[in-house]
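Take a look at the structure below.
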Amino acid sequence: MEDLVANQQSQAQLYGAPLATVIEGIGHNLGLTQGRIAQVLGLSAPMLSHLVSGRRVKIGNPMAHARLTQLRSLAEDVASGRVSPEQAAAVVPQIAASQDSWTTSHSLAAAAAPDETTIVRDVQELFRAVADAADWLAAAETVAADHPAIAEVLRVYGASRTATAQEHWHRVLDH
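Here the sequence shown stands for residues 1041 to 1215, where the numbers follow the working numbering.
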């Protein structure tokens, strides 16, 4: 029993949480069973069971570890609403087929890119989490004379409606 606790503590140091917690979160957010998660990772179901129970500490296969990282990122994206469950379901087979042991979230972002409205709203939420509309308008006024384009960004994303922000997004990025 002490070994299991020590192993789970080691997992928490390696993965940020015991693998039981990590796998449970992936399963919950992506709607996957532990058996399906094992398939996606490229591990046998008994091996994943040993990891989840704490009988083993770490994933030795670099590709399986990379896939775990991708699944965690995807599960977090679903939990936060950045990616829909439908988009995630399309990405899971790509993760399973991945042969890369070095991964970044860019491959996930490209495969399950949120729509433009979501991106614009996320930018607005970021601005509004930092300061309220009055502060952004005051900051825009402060820089407007020397930096009108920056002032416009501050006004549009910090204080305007989403439709106005989308128009700005199109105008700037679509030229």
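Where a beta carbon is used, it is the ideal one built from N, C-alpha and C, also for glycine.
Predicted model only: the values in this text are computed from it and were never measured.
TODO: Compute the Euclidean distance between the alpha carbons of W1176 and L1111, then round it to the nearest angstrom.
DONE: Taking the straight line joining both Cα atoms gives about 37 Å.
- [ ] Assign N1047 to one of three DSSP states: helix, strand, or coil.
- [x] Three-state result, N1047: helix.
Open item on the list: For the region 1094-1109 against the region 1122-1130, do three or more pairs of beta-carbon atoms, one drawn from each stretch, fall closer than 8 Å, so that the two count as touching?
Closed with: Judged by Cβ distances under 8 Å, the region 1094-1109 makes no contact with the region 1122-1130, as fewer than three pairs qualify.
Open item on the list: Going by DSSP in three states, H1187 sits in which element: helix, strand or coil?
Closed with: In the three-state scheme derived from DSSP, where H, G and I count as helix and E and B as strand, H1187 is classed as coil.
Task: When E1165, T1157, L1072 and T1182 are compared against W1209, the one with the closest alpha-carbon - done: When only C-alpha atoms are compared, the closest one is T1157.
- [ ] Please report how far the alpha carbon of R1161 lies from the alpha carbon of V1193, in whole angstroms.
- [x] Rounded to whole angstroms, R1161 and V1193 show a C-alpha spacing of 14 Å.
Open item on the list: Please classify Q1164 as buried or exposed, where buried requires at least 16 other C-beta atoms within 10 Å of its C-beta.
Closed with: Buried, by the Cβ-count rule.
Open item on the list: Measuring only the C-alpha atoms, how far is Q1074 from I1063?
Closed with: Computed Cα separation, rounded: 7 Å.
Task: Distance between G1198 and A1178 (C-alpha atoms, nearest Å) - done: Roughly 10 Å between the two C-alpha positions.
Open item on the list: Would you say the beta carbon of R1112 is closer than 8 Å to some non-hydrogen atom of the ligand GTP?
Closed with: Looking at this structure, you won't find the ligand GTP or any other ligand, since it has none at all.
TODO: Spatial neighbours of A1174 within its chain, please: CB distance less than 6 Å, with the 5 preceding and 5 following residues excluded, ordered by chain position.
DONE: Here the set comprises nothing.
Task: 8 Å contact criterion, which V1131 and R1107 should meet: CB distance rounded - done: Not a contact, Cβ separation roughly 11 Å.
Open item on the list: I'd like to know whether the C-beta atoms of T1204 and V1196 end up nearer to each other than 9 Å.
Closed with: With respect to the 9 Å criterion, T1204 and V1196 are classified as neighbours on the basis of their beta carbons.
- [ ] Figure out for me which residue from H1090, G1071, G1056 and D1186 has the closest Cα to the Cα of A1115.
- [x] Of all alpha-carbon atoms in H1090, G1071, G1056 and D1186, the one lying nearest the alpha-carbon of A1115 is that of G1071.
Task: 8 Å contact criterion, which A1060 and G1082 should meet: CB distance rounded - done: Between A1060 and G1082 a beta carbon distance of about 19 Å is seen, past the 8 Å cut, so the two are scored as non-contacting.
Task: Where the alpha helix (DSSP H) through T1073 begins and ends - done: Taken as a continuous stretch (DSSP letters only), T1073 belongs to no alpha helix (DSSP H), as it is neither H nor E.
TODO: Run the CB neighbour count on P1188, radius 10 Å, all protein chains shown included, and call it buried at 16 or more, exposed below.
DONE: Classification for P1188: exposed.
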